Amino acid sequence: MAISRRTRLHIWLRLLLLQASWNFERLQGIGFFYSLLPGLRKLYKKEKLLDVSRKYVGYFNTHVYLAPMVAGAVLKLEEEQAAVVGDQTLEIDNFKEMVAAPYAAIGDALFWGGLRPLAAGVALFFAVKGILWAPLIFILIYNIVPTWFRTVFFVRGYRQGMQSVEFIQQHRLPDWAIHTKETAVVILGGLSAFMVFSQLTQHQLPSWLGMLTLIPMVFLGLVARKGLSTLLLVLITVISIFFIGLFWADVVSLISF
Amino acid sequence: MALVLARIDNRLIHGQVLESWVPFVRADCIVVANDEIAGNQLQKLMMQASVPSRIRVEIGTVAEAIALVNSTQLDHRRVLLLFGTTSDAVRAYQGGLIYNRLNLGNLQANKGKARLSCTLFLDPADLDRLELLDQAGVKITARCIPADGERPWRKLIPASRRRGK
Amino acid sequence: MIVSLLLGALVSLVCGLDRVAILQIMISRPIVAAPLVALILGEPQIGLQIGVMVELLWLARLPVGAAVPPDDTQVAIASSVLAIILGRTLNASGIELLLLCLLVAIPLGKVGQYFDRYARQYNVRLIKQVDLALDRGSLLQAELQHLRGLTSFSLAAIGTYAIVLVGGLLIIPFLWPLLQQPLSYSSAWVQLALPLVGIAVILGTINVSRAITLFCASFCMSFLLMWLV
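Residue numbers (this note's numbering), protein chains in the order written: chain A, 49 to 305; chain B, 3 to 167; chain C, 788 to 1016.
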């Protein structure tokens, strides 16, 4: 028996709540069970349904935007499983386990590591200019790709079942993640230059001074690479600027004196 | 070859390793030593597909990993070594794959395992194996991602067990 | 003032849940959350300025697997609310007040990380409930346990918001007369420095080889262009 479009929509909507019970022991496990339940209900009855449910509440974790693809594929596999007499429970479990960590790695790199700084960088240009649409611009730019992954790949996962992994294998998404991150770095470079330049023109200072910003920034970057926390770096920076600001007038008068 | 990180993580290659540790230790080669995954061709392919192509990935059994790391193949590489379980780590060490520091990342919760930290669940056998490595002079610390603080593993052991020693 | 606080709490709840529990459409990012709450309270520009300063600070802390990043959402929301409310009661304005609110909120916001971790630890209890419900044969109960997880995440979000807000309301009125004048010498530069620190941290931790080279090239190029045009 095939799962109706209506039920699949129900499952897709439930996937939006995937992490509502995220915990350190099973991560998204309960959420994955919760999302699939409408479909499982259509396929199994009574004792069998409980057995299958027990299997799904176990440990599971992948990237939120790629979970719909796993869910779609698993749904297809369960559908096939329910139709035949034979037992391929093991296969479904293995499939779920096999794709979870790699999808998580791909999603983390592409969305958290790449797309988020990219979208933030673009939106901040507008925000620095004081344009109130900046948040909306951020949401629009950011959400295009995740929404595409969530919807199109859910459908594709359901249609192709286990074959759905081929897309991921063929398209070298991790390399795309690197390209996205490189773009993000370039945009953040432009953004920094823009912020520094506007500040200097506002204070009517010579603009070549702005190039000097690179020195503390590179230094902070290297320090951050060593593992120093942002909180500490913020405190150090703010306090030093505060004291420079406090005594700047005295220093200037001393020098000119 | 420089062994920049040896880590126990039951999820092997995933976001924390690729997004946090690889840039932090500037690794350009990941070696996974786990018999189970080495036997599963498809899973191996999936795992390789999740790593950018500029990073070399080697997934093999513990024995293969020992041979590889001790060969000249990985010269001039900065290697990040991943184990799936504590027993893999011990077997590798005893087999001649020497590391001075061991990082504990994630060990999944199972029945009969005690919680050491948010992401670490170990049973008594695991603790004995770590004890063995500790005796051999390996510095074992728990640290999920570089931004977390590094904590020596002994401080995390439940008090009841420490008293038993 | 009470109404403003409650409206702020509502935004803190919705945006806070977007962080982990539901949706993940990134309304939890400071650049969205701060202007949103400020818009509701009638002074969107304040939120936008705070959003710019906070957005990049912890952008490099990725929510990978079980790693819990600092709660920048609540820092952004609470400091916007603080800046707006205190601006009215202290009859103050200007970037100095925003900075003071933010600098008080950032260390206080550290509790958000603990609360978040605690919520995720608390949710471990739900597992037992789910297993029990399945043993009893009640799927509905098992489903409901999942939604119960929302409560702990909501409490973590609101709790962080409340602590930052109460802390801010207690501390800032005392600090303001002392620091208003001294801060005014450097406020514009601190405002510029915060996003730059965030960018520097991103450069230091992003998984791109030669990120710093790429950044410097892009910076110099953009700078030259703006200079020449």
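Beta carbons: idealized from backbone N, C-alpha and C, even for Gly. Predicted, not measured: the structure shown is a model, and the values here were computed from it.
Exercise. Would the beta-carbon of Gly306 of chain A fall within 8 angstroms of that of Val122 of chain A?
Worked result: Because residue 306 of chain A is not part of the residues shown, which for chain A are 49 to 305, the question remains open.
Exercise. In whole angstroms, what is the alpha-carbon distance linking Leu5 of chain B and Thr992 of chain C?
Worked result: Counting from 1 along the second sequence, the entry for residue 5 of chain B is found at position 3. Counting from 1 along the third sequence, the entry for residue 992 of chain C is found at position 205. Roughly 20 angstroms separates the two Cα atoms.
For this session: Please list the partners that Leu849 of chain C has in chain B, where partner means a Cβ-to-Cβ separation under 8 angstroms.
Result: The residue labelled residue 849 of chain C in the question sits at position 62 within the third sequence. Listed along the chain, the chain B residues whose CB falls inside 8 angstroms of the CB of Leu849 of chain C are Gly17, Glu21, Ser22.
Exercise. When DSSP builds the beta bridges, which residues end up paired with Arg9 of chain B?
Worked result: Start at 1 with the first residue of the second sequence, and residue 9 of chain B comes out as number 7. DSSP output for Arg9 of chain B lists B:Leu84, B:Asn105 as bridge partner(s).
Exercise. Residues in its own chain within less than 8 angstroms of Leu913 of chain C by CB, not counting five upstream and five downstream?
Worked result: The residue labelled residue 913 of chain C in the question sits at position 126 within the third sequence. For Leu913 of chain C, where only same-chain residues beyond five positions count, the Cβ hits under 8 angstroms are Gln932, His933, Arg935, Gly936.
For this session: Taking Trp976 of chain C and Ile289 of chain A to be in contact with their CB atoms under 8 angstroms, please state how far apart those CB atoms are, rounded to whole angstroms.
Result: One-based indexing of the third sequence puts residue 976 of chain C at position 189. One-based indexing of the first sequence puts residue 289 of chain A at position 241. Contact flag correct, Cβ pair sits at about 5 angstroms.
Problem set entry | From B:Lys141, B:Cys31, B:Gln50, B:Glu60, residue whose alpha carbon lies closest to that of Arg103 of chain B | Your numbering for residue 103 of chain B matches position 101 in the second sequence. Taking only the C-alpha atoms, the option nearest Arg103 of chain B is B:Lys141.
For this session: Could you check the C-alpha separation between Phe81 of chain A and Leu172 of chain A for me, to the nearest Å?
Result: One-based indexing of the first sequence puts residue 81 of chain A at position 33. One-based indexing of the first sequence puts residue 172 of chain A at position 124. Taking the straight line joining both Cα atoms gives about 39 angstroms.
Problem set entry | Neighbourhood of Thr228 of chain A by C-beta, 7 angstroms cutoff - its chain only, sequence neighbours within 5 removed | For the purposes of this step, residue 228 of chain A is identified with residue 180 of the first sequence, where counting begins at 1. Same-chain partners within the cutoff: Leu158, Gly162, Leu163, Leu166.
Exercise. Any beta-carbon of chain C closer than 8 angstroms to the one on Ser101 of chain A?
Worked result: Counting from 1 along the first sequence, the entry for residue 101 of chain A is found at position 53. For Ser101 of chain A, the answer is yes, since a Cβ of chain C falls inside 8 angstroms of its Cβ.
Problem set entry | From C:Ala906, C:Gln968, C:Lys915, residue whose alpha carbon lies closest to that of Asn71 of chain A | The sequence position of residue 71 of chain A within the first sequence is 23, counting from 1. Minimum Cα distance to Asn71 of chain A is reached at C:Ala906.
For this session: Throw me the rounded Cβ distance for the Arg816 of chain C and Phe186 of chain A pair, which I believe falls under 8 angstroms.
Result: Here residue 816 of chain C is taken as the residue at index 29 of the third sequence, counted from 1. Here residue 186 of chain A is taken as the residue at index 138 of the first sequence, counted from 1. At roughly 7 angstroms, the Cβ-Cβ gap stays under 8 angstroms, so Arg816 of chain C and Phe186 of chain A are in contact.
Exercise. Listed in chain order, which residues of the segment 974-994 of chain C have Cβ atoms closer than 9 angstroms to some Cβ of chain A?
Worked result: Correct list: Ser974, Ala975, Trp976, Val977, Gln978, Leu979, Ala980, Leu981, Pro982, Leu983, Val984, Gly985, Ile986, Ala987, Val988, Ile989, Leu990, Gly991, Thr992, Ile993, Asn994.
Problem set entry | Under 8 angstroms from the C-beta of Pro148 of chain B: neighbouring residues of chain A | As a first step, residue 148 of chain B must be located in the second sequence, where it is residue number 146. Within chain A, the residues Gly275 have their CB atoms less than 8 angstroms from the CB of Pro148 of chain B, given in chain order.
Problem set entry | Distance between Ser52 of chain B and Val213 of chain A (C-alpha atoms, nearest Å) | Numbered from its first residue, the first sequence carries residue 213 of chain A at position 165. Numbered from its first residue, the second sequence carries residue 52 of chain B at position 50. Their Cα atoms are separated by approximately 11 angstroms.
Exercise. If we cut at 8 angstroms on Cβ distances, does Phe197 of chain A have a partner in chain B?
Worked result: Position 149 of the first sequence, counted from the first residue, corresponds to residue 197 of chain A. Judged by the 8 angstroms Cβ criterion, Phe197 of chain A is not in contact with chain B.
Problem set entry | Backbone secondary structure at Cys31 of chain B - three-state DSSP | In the second sequence, residue 31 of chain B corresponds to position 29, counting from 1. In the displayed model, Cys31 of chain B falls within a strand according to three-state DSSP.
For this session: Let me know if Lys124 of chain A comes out buried or exposed under the rule of 16 or more other beta-carbons within 10 Å of its beta-carbon.
Result: On the first sequence, residue 124 of chain A is found 76 positions in, with the first residue counted as 1. Answer is buried; the Cβ neighbour count reaches 16.
For this session: Can you pull the chain A residues whose beta carbon is under 7 angstroms from the beta carbon of Ala51 of chain B, in chain order?
Result: If you number the second sequence from 1, residue 51 of chain B lands on position 49. Those are Pro150, Ile216, Gln217, listed as they occur along chain A.
Problem set entry | Per-residue contacts from Thr143 of chain B into chain C (C-beta, under 8 angstroms) | Reading the second sequence from its first residue, position 141 is the one you call residue 143 of chain B. In chain order: nothing, as chain C lies at least about 16 angstroms away.
For this session: Grab me the residues of Ala865 of chain C's own chain with a C-beta within less than 6 angstroms of its C-beta, minus the 5 sequence neighbours each way, in chain order.
Result: In the third sequence, residue 865 of chain C corresponds to position 78, counting from 1. These residues qualify, in order along the chain: Ala892, Tyr948, Val951, Leu952.
For this session: Work out the CA separation of Gln45 of chain B and Gln194 of chain B for me, nearest whole Å.
Result: Any property of residue 194 of chain B remains undetermined from this structure, which presents chain B solely from 3 to 167.
Exercise. Is the beta carbon of Val71 of chain B sitting closer than 8 angstroms to the one on Leu99 of chain B?
Worked result: Numbered from its first residue, the second sequence carries residue 71 of chain B at position 69. Numbered from its first residue, the second sequence carries residue 99 of chain B at position 97. With contacts defined as CB atoms closer than 8 angstroms, Val71 of chain B and Leu99 of chain B qualify as a contacting pair.
Exercise. Does the separation of the CB atoms of Pro54 of chain B and Ile263 of chain A fall below 8 angstroms?
Worked result: For the purposes of this step, residue 54 of chain B is taken as residue 52 along the second sequence, with counting starting at 1. For the purposes of this step, residue 263 of chain A is taken as residue 215 along the first sequence, with counting starting at 1. Not in contact: Pro54 of chain B and Ile263 of chain A (Cβ atoms no closer than 8 angstroms).
For this session: Please state whether DSSP places Arg93 of chain B in a helix, a strand or coil.
Result: Position 91 of the second sequence, counting from 1, holds the residue named residue 93 of chain B. Here Arg93 of chain B sits in helix by DSSP.
For this session: Give the C-beta separation of Gly107 of chain B and Gln50 of chain B to the nearest angstrom, bearing in mind that I take them to be a contact with Cβ-Cβ under 8 angstroms.
Result: Counting from one through the second sequence, the residue named residue 107 of chain B turns up at place 105. Counting from one through the second sequence, the residue named residue 50 of chain B turns up at place 48. Actually they are not in contact, since the Cβ atoms of Gly107 of chain B and Gln50 of chain B sit about 20 angstroms apart, beyond 8 angstroms.
Exercise. Which residue's Cα is closest to the Cα of Ala116 of chain B: B:Ile32, B:Leu158, B:Leu124?
Worked result: Start at 1 with the first residue of the second sequence, and residue 116 of chain B comes out as number 114. It is B:Leu124 whose Cα lies nearest to the Cα of Ala116 of chain B.
For this session: Return the chain-ordered list of same chain residues with a C-beta closer than 8 angstroms to the C-beta of Val855 of chain C, the five sequence neighbours on each side being excluded.
Result: Residue mapping note: residue 855 of chain C aligns to position 68 of the third sequence, counting from 1. Contacts found: Gln900, Asp903, Arg904, Arg907.
Exercise. Do you know whose CA, among A:Val132, A:Gly87, A:His111, A:Ile189, lies nearest Leu75 of chain A's CA?
Worked result: The residue given as residue 75 of chain A occupies position 27 in the first sequence. With distances taken between Cα atoms, Leu75 of chain A lies closest to A:His111.
Problem set entry | Val147 of chain A beta carbon less than 8 angstroms from that of Met48 of chain B | As a working note, residue 48 of chain B is residue 46 in the second sequence. As a working note, residue 147 of chain A is residue 99 in the first sequence. Yes, these two residues count as a Cβ contact at 8 angstroms.
Exercise. Are there 16 or more other CB atoms within 10 angstroms of the CB of Ser880 of chain C, so buried, or fewer, so exposed?
Worked result: As a working note, residue 880 of chain C is residue 93 in the third sequence. By the neighbour-count rule (16 or more Cβ atoms within 10 Å), Ser880 of chain C is not buried but exposed.
Problem set entry | Residue(s) in a DSSP beta bridge with Val54 of chain A | Locating residue 54 of chain A in the first sequence gives position 6, counting from the first residue. Before going further, note that residue 54 of chain A is Arg rather than Val in the sequence given. In DSSP, Arg54 of chain A forms no bridge with anything.
Problem set entry | Contact between the segment 837-847 of chain C and the segment 809-828 of chain C (3+ Cβ pairs under 8 angstroms) | yes
Problem set entry | Start-to-end residues for the alpha helix (DSSP H) that takes in Glu883 of chain C | Along the third sequence, one-based indexing puts residue 883 of chain C at 96. Glu883 of chain C: member of the alpha helix (DSSP H) spanning 882-895, first to last residue.
Exercise. Closest by CA to His219 of chain A, which one among A:Asp141, A:Ile140, A:Ala115, A:Tyr151?
Worked result: The residue given as residue 219 of chain A occupies position 171 in the first sequence. Closest by alpha carbon: A:Tyr151.
Exercise. Name the chain C residues that come within less than 7 angstroms of Glu145 of chain A, Cβ to Cβ?
Worked result: Locating residue 145 of chain A in the first sequence gives position 97, counting from the first residue. Neighbours of Glu145 of chain A on chain C: none; closest Cβ ~15 angstroms, over 7 angstroms.
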